[in-house]
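Engineer: Numbered according to the UniProt record's numbering, the sequence shown spans residues 1 to 336.
Encoded as structure tokens, here's the structure I'll be asking about.
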Amino acid sequence: MYLFNFMWNIISKTWYILSVRRKETKWARVRLRELEQQLGGRLDDVTFHKVITSYGIYNPMMCDAFTRLRGRVSNRAERDRMLHYFICSSLFDNFCDRKELDQESLYEISFSPTVYQPKSFDESLFLYAHLLLKNYVRDKQWYETVTHRLYEAQEDSARQFNPSITDEEIEQITLHKGGYSVLLCHFYLDDPAGKEEQQCWYLIGGIIQLTNDLYDIYKDYQEGIVTLPNRMQDAYAFHDYFTGKITQLKKEIAALPFPNKTKQHLNISLMGICSFGLIAIKQLQKIQRQADALPNLKQLPRKQLIVDMEKPANLYYCMRQVYLHAKKLHQEKQFE
């Protein structure tokens, strides 16, 4: 019975994500063009594509996974706010990565948006989206705290260019950066989230950031960025570390004050996201084989570090990991 329910759940979720992704990406393209026209400018093509693509996949995979705890999917107003969130996050990345703003300007545009004087269209669009979101949020004090913590994590990430940074420092930066950026999203939904639910947002955010770093090993080496994955020496030990984070997330899902059926839906959705990291680790384990340590990843060709998610074997592995992690909770009677 569990296998049948799991397969039906996976098939229906996959169909839903693919269909909603196409629809929402199309809507986001039109909506973003409207905002450009309203503010009298244009984003560069790379940023425009990043905003609508990130929004298109994130909304059905993440936001709707959480709104389904309450028996619904996100509404148009919530989706519009999520688009504005990705406008802010994409432009802030540009401000930092392209060094378009100095540290003083970054702080001012983030925390004094009503007095900041924009010098470009991108800054004007960022301010527009930032203020729209800030004005909507109900718990403004907690929102201000989270945005400050995310800003500090972004600021601290500059230390990842220092080869002498410790693993403990990298871990803290990674989990805070991913965790607080994803935690922000719950503020933009209509229903308030309790502490347990917010912890789930935070934990999956950290796992997503670790996964991004796993897929960016080669790129980060080229840019001189130190991450936990590109400093990895033992892929099997890192697998244990990563699955420990997944176990922590599953415990928080089990503690949510919602019906078991809806918690199981959330669990399967978030385990699907976690499986992308597991397949990247599996590829590193293949490189290591039975050796005590990985070879020097910096010396490997790029093609050895690329994970082809279209390969049937990789798709099967991901689905199997989702099945096993969800089944384990089911067998432990946390979701009966």
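Glycine included, every Cβ here is placed at the ideal spot set by N, Cα and C.
All figures in this text were calculated on a predicted structure; none of them were measured in a lab.
What are the boundary residues of the alpha helix (DSSP H) that includes residue 350?
Structural biologist: Within the shown structure, residues of the chain are numbered from 1 to 336, placing residue 350 beyond reach of any answer.
Engineer: Under 8 Å, do residue 244 and residue 322 count as touching if we go by C-beta distance?
Structural biologist: no
Engineer: Is the beta carbon of residue 294 less than 8 Å from the beta carbon of residue 284?
Structural biologist: Judged by their CB atoms, residue 294 and residue 284 are nearer to each other than the 8 Å cut-off.
Engineer: Between which residues of its own chain and residue 235 is the CB-CB distance below 8 Å, once the five residues before and five after are set aside?
Structural biologist: If we look at residue 235 and ignore the five residues flanking it on each side, its Cβ neighbours are 281, 284, 285, 287, 288 and 294.
Engineer: Taking the alpha helix (DSSP H) that residue 176 belongs to, which residues open and close that run?
Structural biologist: 167-183
Engineer: Ordered along the chain, which non-local residues of its own chain (more than five positions away) have a Cβ less than 6 Å from that of residue 42?
Structural biologist: Counting only Cβ-Cβ distances below 6 Å, and skipping sequence neighbours, we find 36.
Engineer: Is it right to say residue 338 is buried, meaning 16 or more other beta carbons lie within 10 angstroms of its own, or is it exposed?
Structural biologist: The structure shown does not extend to residue 338, since the chain is modelled only from 1 through 336, so no value can be given for it.
Engineer: Which value, in whole angstroms, describes the spacing of the CA atoms of residue 318 and residue 275?
Structural biologist: 5 Å
Engineer: Exposed or buried, which one is residue 135 when buried takes at least 16 other CB atoms within 10 Å?
Structural biologist: exposed
Engineer: Would you mind giving the Cβ-Cβ distance between residue 30 and residue 60, rounded to the nearest angstrom? I have them listed as a contact below 8 Å.
Structural biologist: Between residue 60 and residue 30 the Cβ distance is about 18 Å, and since that is not below 8 Å, they are no contact.
Engineer: Taking Cβ to Cβ, would you say residue 255 is nearer than 8 Å to residue 196?
Structural biologist: yes
Engineer: Going by the beta-carbon positions, is the gap between residue 175 and residue 198 smaller than 8 Å?
Structural biologist: no
Engineer: Grab me the residues of residue 316's own chain with a C-beta within less than 8 Å of its C-beta, minus the 5 sequence neighbours each way, in chain order.
Structural biologist: none
Engineer: Count the other C-beta atoms from every protein chain shown that fall within 10 angstroms of the C-beta of residue 160, then say buried if there are 16 or more, exposed otherwise.
Structural biologist: buried
Engineer: Go ahead and pull the three-state DSSP assignment for residue 60.
Structural biologist: helix
Engineer: Within the same chain, show all residues whose beta-carbon is closer than 6 Å to that of residue 334, passing over the 5 residues directly before and after it, in chain order.
Structural biologist: A caution first: residue 334 carries a pLDDT of 46, below 50, which makes its placement in the model unreliable, though a value can still be read off. Scanning its chain for C-beta atoms nearer than 6 Å, with the 5 sequence neighbours on each side dropped, one finds around residue 334 the residues 254, in chain order.
Engineer: To which residues of the same chain is residue 218 closer than 6 Å at the C-beta, ignoring the five residues directly before and after it?
Structural biologist: 302 and 305
Engineer: Write down every uninterrupted run of the alpha helix (DSSP H) in the stretch 199-244 whose length is 4 residues or greater and which is fully enclosed by it, in chain order.
Structural biologist: 217-223
Engineer: Are residue 56 and residue 34 touching if we call contact CB-CB under 8 Å?
Structural biologist: no
Engineer: Please determine, among 296, 320, 83 and 210, the residue with the shortest C-alpha to C-alpha distance to residue 26.
Structural biologist: Checking every option, the nearest Cα to that of residue 26 belongs to 83.
Engineer: According to DSSP, simplified to helix, strand and coil, what is residue 111?
Structural biologist: helix
Engineer: If we count the other Cβ atoms within 10 Å of its Cβ and call it buried at 16 or more, is residue 310 buried or exposed?
Structural biologist: exposed
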